[in-house]
Every structure is written in structure tokens, then in C-alpha cells.
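Here the sequence shown is numbered in my numbering, starting from 5 and rising by one per residue.
Backbone N, C-alpha and C fix where the C-beta goes; we use that ideal spot for every residue, glycine too.
For clarity, every value in this text was computed on a predicted model and none was experimentally measured.
Read the structure below first, then the notes.
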Amino acid sequence: MGGVTRAASSPAAPSVLGLAPVIPVVVLHDAEDAVPLARALVAGGLPAIEVTLRTPAALDAIRAVAREVPEAVIGAGTLLTPEQVEDALVAGARFLVSPGWSPRLLGAMKDSGAPFLPGVSTASEVVTLLEEGVTEMKFFPAEAAGGTPYLHSLAAPLPRARFCPTGGIGPAAAPSYLALPNVGCVGGTWMLPAEALAAKDWGRVRQLAREAAALAA
Numbered sequence: 005m006g007g008v009t010r011a012a013s014s015p016a017a018p019s020v021l022g023l024a025p026v027i028p029v030v031v032l033h034d035a036e037d038a039v040p041l042a043r044a045l046v047a048g049g050l051p052a053i054e055v056t057l058r059t060p061a062a063l064d065a066i067r068a069v070a071r072e073v074p075e076a077v078i079g080a081g082t083l084l085t086p087e088q089v090e091d092a093l094v095a096g097a098r099f100l101v102s103p104g105w106s107p108r109l110l111g112a113m114k115d116s117g118a119p120f121l122p123g124v125s126t127a128s129e130v131v132t133l134l135e136e137g138v139t140e141m142k143f144f145p146a147e148a149a150g151g152t153p154y155l156h157s158l159a160a161p162l163p164r165a166r167f168c169p170t171g172g173i174g175p176a177a178a179p180s181y182l183a184l185p186n187v188g189c190v191g192g193t194w195m196l197p198a199e200a201l202a203a204k205d206w207g208r209v210r211q212l213a214r215e216a217a218a219l220a221a
């Protein structure tokens, strides 16, 4: 990882949890949609955008946003291997997110120099990451893994750990997560309805992004 060269216009974000109260989790099948989608999200008040590496278009999408939408803080999600970490950084990703972690993957993310959120769903995983010096984590899948009651129960015994819960969260549940002392932001897809993406209705995405950004007001 020491030889990774990031896109020149994409310095690392200082901390994922401090970027925005809501981080859209984007799955793109057409890289040409990346720039107008990113512009709509930024205009709606959601500048931090996680593009998941679930599709062949993902890296091209990250590359396009990093190049053409400098006001966006573009990140890469669903990272599973050290090789994907390197590919994401080369494409211009400014933060990294994984659904879980292994020693190799964690080492690659730590060595990258970019802020990252390794995924956890149990107290034991949180303790292990704290031993590794990692205090910011993704709680996934949030709703299925216990939701706000579970995260609330972790706050007192593990006060150093802070989370971005993602997975099954919608606009009704998001404020409850954001009210927790150990939650810095939430991730979600509700501002990206399939029908709006299919119709390339960027105005609708912008409005939903605006409503999502207001949840933390």
C-alpha cells in the first residue's frame, strides 16, 4: 500500500464521522449517472457520498466525481480486499468503508492514510478494533444487528467507540440514531429511490437529500 498514488485533486477527508450527519450509500450501474447524482446530493446538503464497489461501474463513478465534483467528498464502500482499497484510492476516494474487517483488510485501510470505517456488529469486534487504535466504525447491518437499543447499550462500557450505523435505516429511524452520544452520522439509501434513479430525476434526489440533511437540525 505504500506505493499508492491518490488522485491529485482528492485529499483525504479528516474524519468520516464529521463530514455530514447523513451519508448516502450509492450503488451505481452506469458511471454516467455519477456526476449529476453527486451534484444533486451536494446541492441538497449531503456532500459526503459513499459509492459501493458492488458494480463494475463503481470505480469509474468514483473517478468521475473526484474529477468533476470537487465539492463532494467521495468515498468507497463495500471494500473487501486490500486490492480494492488501493483501487479506490487511485480512483480518487477520500474515505473508505467496509461491511466487516479482517486483519489484512484492516492493515490495508490503516496503511492507506485515508480515514476509514471498518464494519462491526458485536461488542467483541468493537473491543478488538479499540485495541488496534481504531475508534470510528461502521455499525452494520444496523437494524438487523440491534438498532438504537444495541448502540445505546455500548455507549457506557465502550465510550471511545463512535459509529456510523448503516443498514435498513430510513428517515423515521435516522433521528433516533443521530441522538445517540456514540453516533456521528448514519448511512442510508432512502434519498435514492430506485424510480428516481431510473428516471434520472435529479431534482427529486436533491429534494430528498435536503430533507435528509434536515434530520439532524
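Please report the straight-line C-alpha distance between residue i and residue j, rounded to a whole angstrom.
i: residue 208; j: residue 200; result: 7 Å
i: residue 40; j: residue 114; result: 31 Å
i: residue 220; j: residue 31; result: 24 Å
i: residue 5; j: residue 77; result: Unreliable placement is indicated for residue 5, whose pLDDT of 41 sits below 50; no coordinate value is reported for it.
i: residue 143; j: residue 213; result: 22 Å
i: residue 174; j: residue 87; result: 32 Å
i: residue 183; j: residue 124; result: 20 Å
i: residue 36; j: residue 63; result: 12 Å
i: residue 75; j: residue 50; result: 10 Å
i: residue 147; j: residue 130; result: 17 Å
i: residue 89; j: residue 145; result: 21 Å
i: residue 120; j: residue 128; result: 19 Å
Near residue i, what residues of its chain come up, given a Cβ to Cβ distance below 6 Å and the 5 sequence neighbours on each side ignored?
i: residue 56; result: 31, 81 and 82
i: residue 67; result: 95 and 96
i: residue 52; result: 23, 24, 27 and 77
i: residue 4; result: Any question about residue 4 goes unanswered here, given that the chain covers just 5 to 221.
Quick check on this structure: which residue in the options has the alpha carbon closest to the alpha carbon of residue i?
i: residue 65; options: 151, 173 and 92; result: 92
i: residue 205; options: 22, 98, 109 and 43; result: 43
i: residue 85; options: 99, 61 and 110; result: 110
i: residue 159; options: 185, 194, 181 and 211; result: 185
i: residue 179; options: 108, 112 and 25; result: 25
i: residue 171; options: 131, 161, 126 and 103; result: 103
i: residue 101; options: 47, 58, 49 and 153; result: 58
i: residue 181; options: 130, 150, 71 and 72; result: 150
i: residue 176; options: 38, 189 and 194; result: 194
i: residue 135; options: 145, 107 and 152; result: 107
Determine which residues share a DSSP beta bridge with residue i and list them.
i: residue 141; result: 167
i: residue 56; result: 81
Please work out which residues of its chain come closer than 7 Å, Cβ to Cβ, to residue i, disregarding the five sequence neighbours upstream and downstream, and give them in chain order.
i: residue 196; result: 28, 30 and 209
i: residue 218; result: none
Excluding the five sequence neighbours on either side, which residues of its own chain have a C-beta within less than 8 Å of the C-beta of residue i, listed in chain order?
i: residue 34; result: 61
i: residue 73; result: 39, 42, 43 and 46
i: residue 69; result: 38, 39, 42, 53, 55, 76, 78 and 96
Is it the case that the CB of residue i approaches a heavy atom of the ligand GDP more closely than 7 Å?
i: residue 155; result: Questions concerning the ligand GDP fall outside what the structure shown contains, since it holds no ligand whatsoever.
Stretch pair the region 138–149 + the region 162–171: three plus CB contacts closer than 8 Å: yes
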